[in-house]
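Student: As given, the protein sequences belong to chains A and B, one line each in that order.
Take 1 as the starting number for the first sequence in this note's numbering and just add one per residue.
Take 160 as the starting number for the second sequence in this note's numbering and just add one per residue.
Glycine included, C-beta positions come from ideal geometry on N, C-alpha and C.
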Amino acid sequence: MALTAEKQAATEGRDAAWRRRRRVIIDGVSLYGAVTLGGVIGSLLRWLVALLLPIVSGGLPWATFTANASGCFVIGFYAALTGPDGRLFVGPRMRQFVMTGICGGYTTFSGFSLETFGFLSGGDLHSAALYLILSLMSWLVAVWLGHIAASRLNNWGRI
Amino acid sequence: MTMSMAELLTGGAMVGLGAVFGTPARFFVSGLIARRFGETFPWGTLVVNVSGCVIMGAVAAFAVIHGLPPRSHAWLLVVTGFLGSYTTVSSFALQTRALVGDGEYRPALGYILFSLLLCLTAVGASFGASTLALAGAWP
């Protein structure tokens with residue numbers, strides 16, 4: 001009698017451990033799935049921006065510039081809106097979907113670097129410096145504007 | 160610009176397929192580095208962006224030597240899809256803002272300078288080395 005109770009307890013312990021492990025696996029897979037789906041959406045949006053914006057010969061790469069700046073605004077806005085003091089409550093998976101997935105896939109550091117290197121290797125130092133400074137300023141200003149806009153929204157109507 | 164529906168779909172499939180690999184790779188690498196070296200300084204994003212730029216330089220060298228046009232399927236898959244989703248500017252900007260918001264001005268400035276300097280150097284050095292390896296001569 002005692003033996004079967006012990007056996008049963010052992011079985012239940014194994015079941016609980018298995019259920020915990022299964023939960024960890026499911027959580028991990030769904031988190032990676034959400035981030036990947038967001039990345040696909042963001043990358044397609046970045047590609048669409050590149051298709052829609054005309055390439056001005058001799059000009060700066062405005063498609064990458066536009067995607068990076070607008071992506072920085074969105075991540076600044078969303079991070080503040082769903083942060084600890086935020087008005088919108090979302091789960092960690094949703095936050096990763098939007099921020100790591102969509103915003104991360106939408107913006108690109110490698111594209112920016114290649115374009116800047118292209119100007120440098122072509123001897124066009126003026127365009128390289130202009131593109132670099134304009135890009136950096138636009139990213140930081142955009143993320144700040146997004147943060148300020150969401151903070152305003154968070155405090156709106158609160159005393 | 161004009162583009163047929165079929166071109167739009169196959170192009171989109173290439174970009175999407177590249178992102179299916181690039182996005183989780185970024186999530187994995189940045190998480191791994193952050194867990195190992197702590198989250199006070201954004202080492203994860205820095206490592207992701209610099210390593211993406213190393214690959215970018217190699218791909219660009221291959222493209223120049225073998226004539227890979229920026230509208231080709233291979234380019235959309237590897238550069239627009241994979242590398243585009245693997246590297247990120249939005250996290251970089253958000254982390255810089257967070258450092259400044261916490262009064263960490265020196266790390267913020269270091270993060271900006273490190274990211275720009277290392278990424279541009281990575282593209283250039285990788286482009287040069289890859290051209291040397293592929294064509295047997297410096298570009």
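Check whether chain A comes within 8 Å of B/Ala193, counting only Cβ atoms and requiring the distance to be less than that.
Tutor: The residue labelled residue 193 of chain B in the question sits at position 34 within the second sequence. Not closer than 8 Å to any Cβ of chain A, the Cβ of B/Ala193 fails to qualify, so no.
Student: Under 8 Å, Cβ to Cβ, is there at least one residue of chain B near A/Tyr131?
Tutor: As a working note, residue 131 of chain A is residue 131 in the first sequence. Answer no: the Cβ-Cβ gap between A/Tyr131 and chain B never drops below 8 Å.
Student: Could you please tell me which residues of the stretch 241-260 of chain B, in chain order, have their CB closer than 8 Å to any CB of chain A?
Tutor: From the stretch 241-260 of chain B, only Leu242, Gly243, Ser244, Tyr245, Thr246, Thr247, Val248, Ser249, Ser250, Phe251, Ala252, Leu253, Thr255, Arg256 have a Cβ closer than 8 Å to chain A.
Student: Please classify A/His147 as buried or exposed, where buried requires at least 16 other C-beta atoms within 10 Å of its C-beta.
Tutor: Counting from one through the first sequence, the residue named residue 147 of chain A turns up at place 147. It counts as buried.
Student: If you drop the 5 nearest sequence neighbours on each side, which residues of the same chain put their C-beta closer than 8 Å to that of B/Thr169?
Tutor: If you number the second sequence from 1, residue 169 of chain B lands on position 10. Around B/Thr169: His232.
Student: Go to A/Thr107, then tell me how far its alpha helix (DSSP H) extends in each direction, as first and last residue.
Tutor: Looking up residue 107 of chain A in the first sequence gives position 107. Taken as a continuous stretch (DSSP letters only), A/Thr107 belongs to no alpha helix (DSSP H), as it is neither H nor E.
Student: Whole angstroms are fine: how far does the CA of B/Gly269 sit from the CA of A/Thr82?
Tutor: Stepping through the first sequence from its first residue, residue 82 of chain A is reached at position 82. Stepping through the second sequence from its first residue, residue 269 of chain B is reached at position 110. Whole-angstrom Cα-Cα distance: 28 Å.
Student: Say whether chain A places a C-beta atom closer than 8 Å to the C-beta of B/Val174.
Tutor: For the purposes of this step, residue 174 of chain B is taken as residue 15 along the second sequence, with counting starting at 1. Interface residue, yes.
Student: Which residues, taken in chain order from the stretch 42-67 of chain A, show a beta carbon closer than 8 Å to some beta carbon of chain B?
Tutor: Residues Gly42, Ser43, Leu44, Arg46, Trp47, Ala50, Leu51, Pro54.
Student: Is the Cβ-Cβ distance between A/Ser135 and A/Phe112 less than 8 Å?
Tutor: Working through the first sequence from its first residue, we reach residue 135 of chain A at position 135. Working through the first sequence from its first residue, we reach residue 112 of chain A at position 112. Cβ distance < 8 Å, so A/Ser135 and A/Phe112 count as in contact.
Student: Given that a residue counts as buried once 16 or more other Cβ atoms are within 10 Å of its Cβ, and exposed if not, what is A/Trp18?
Tutor: Walking along the first sequence from the start, residue 18 of chain A turns up at place 18. Its Cβ having fewer than 16 others within 10 Å, A/Trp18 is exposed.
Student: Candidates B/Cys278, B/Arg230, B/Asn208, B/Val218: which alpha carbon is nearest B/Leu293's?
Tutor: By one-based count along the second sequence, residue 293 of chain B stands at place 134. The shortest C-alpha separation from B/Leu293 is found at B/Val218.
Student: Work out the CA separation of A/Tyr78 and B/Ile214 for me, nearest whole Å.
Tutor: As a first step, residue 214 of chain B must be located in the second sequence, where it is residue number 55. As a first step, residue 78 of chain A must be located in the first sequence, where it is residue number 78. Taking the straight line joining both Cα atoms gives about 30 Å.
Student: Between B/Gly181 and B/Leu242, which are expected to be in contact by the criterion C-beta below 8 Å, what is the C-beta distance as a whole number of angstroms?
Tutor: Working through the second sequence from its first residue, we reach residue 181 of chain B at position 22. Working through the second sequence from its first residue, we reach residue 242 of chain B at position 83. Rounded, the Cβ-Cβ distance is 7 Å, consistent with contact.
Student: Which term fits B/Pro228, buried or exposed, when burial requires 16 or more other beta carbons within 10 angstroms of its beta carbon?
Tutor: As a working mapping, residue 228 of chain B is identified with position 69 in the second sequence. So B/Pro228 ends up on the exposed side.
Student: On the criterion of 16 or more Cβ atoms from any shown chain inside 10 Å, does A/Gln8 qualify as buried, or is it exposed?
Tutor: For the purposes of this step, residue 8 of chain A is taken as the residue at position 8 of the first sequence. With fewer than 16 other Cβ atoms within 10 Å, it is exposed.
Student: Counting Cβ pairs, one atom from each stretch, are 3 or more of them under 8 Å apart for the stretch 262-278 of chain B and the stretch 83-90 of chain A?
Tutor: Segments in contact, no.
Student: Going by other Cβ atoms of all chains shown within 10 Å of its Cβ, with 16 needed for buried, is A/Ile217 buried or exposed?
Tutor: Shown here, chain A extends from 1 to 159; a query on residue 217 of chain A therefore has no answer.
Student: On the CB-based measure, 16 or more other CB atoms within 10 Å of its CB, does B/Gly175 come out buried or exposed?
Tutor: Start at 1 with the first residue of the second sequence, and residue 175 of chain B comes out as number 16. B/Gly175 is buried by the Cβ-count criterion.
Student: Using a Cβ-Cβ cut-off of 8 Å, state whether B/Ala178 counts as contacting chain A.
Tutor: Position 19 of the second sequence, counted from the start, is the residue given in the question as residue 178 of chain B. Yes, its Cβ sits closer than 8 Å to a Cβ of chain A.
Student: Since I believe A/Ala67 is in contact with A/Ala142 (beta carbons under 8 Å), could you give me their beta-carbon distance rounded to a whole number of angstroms?
Tutor: Position 142 of the first sequence, counted from the first residue, corresponds to residue 142 of chain A. Position 67 of the first sequence, counted from the first residue, corresponds to residue 67 of chain A. At roughly 11 Å, the Cβ-Cβ gap does not stay under 8 Å, so A/Ala142 and A/Ala67 are not in contact.
Student: Show which residues of chain A have a CB atom less than 8 Å away from the CB atom of B/Leu275.
Tutor: In the second sequence, residue 275 of chain B corresponds to position 116, counting from 1. Residues of chain A passing the Cβ test: Leu132, Leu136.
Student: Identify, in the order they occur along the chain, each residue of the same chain with its Cβ nearer than 7 Å to the Cβ of A/Trp144, setting aside the five sequence neighbours on each side.
Tutor: As a first step, residue 144 of chain A is located in the first sequence; it is residue number 144 there, counting from the start. Taken in chain order, the residues that qualify are Gly76.
Student: Span of the alpha helix (DSSP H) holding B/Ser274?
Tutor: One-based indexing of the second sequence puts residue 274 of chain B at position 115. Where B/Ser274 is concerned, the enclosing alpha helix (DSSP H) stretches over 264-294.
Student: Going by the CB atoms, is the gap between A/Ala50 and A/Ala63 shorter than 8 Å?
Tutor: Here residue 63 of chain A refers to the residue found at position 63 when the first sequence is read from its first residue. Here residue 50 of chain A refers to the residue found at position 50 when the first sequence is read from its first residue. Cβ atoms of A/Ala63 and A/Ala50: closer than 8 Å.
Student: Are there 16 or more other CB atoms within 10 angstroms of the CB of A/Thr11, so buried, or fewer, so exposed?
Tutor: Within the first sequence, the letter at position 11 stands for residue 11 of chain A. So A/Thr11 ends up on the exposed side.
Student: Taking B/Leu137 as the reference, give the member of A/Trp47, A/Val24, A/Val98, A/Gly28 with the closest Cα.
Tutor: The requested residue 137 of chain B is not part of the displayed model; chain B covers only 160 to 298.
Student: Within 8 Å of any Cβ in chain A, is that where the Cβ of B/Thr199 sits?
Tutor: Here the question's residue 199 of chain B lines up with position 40 in the second sequence. No, B/Thr199 does not count as interfacial toward chain A.
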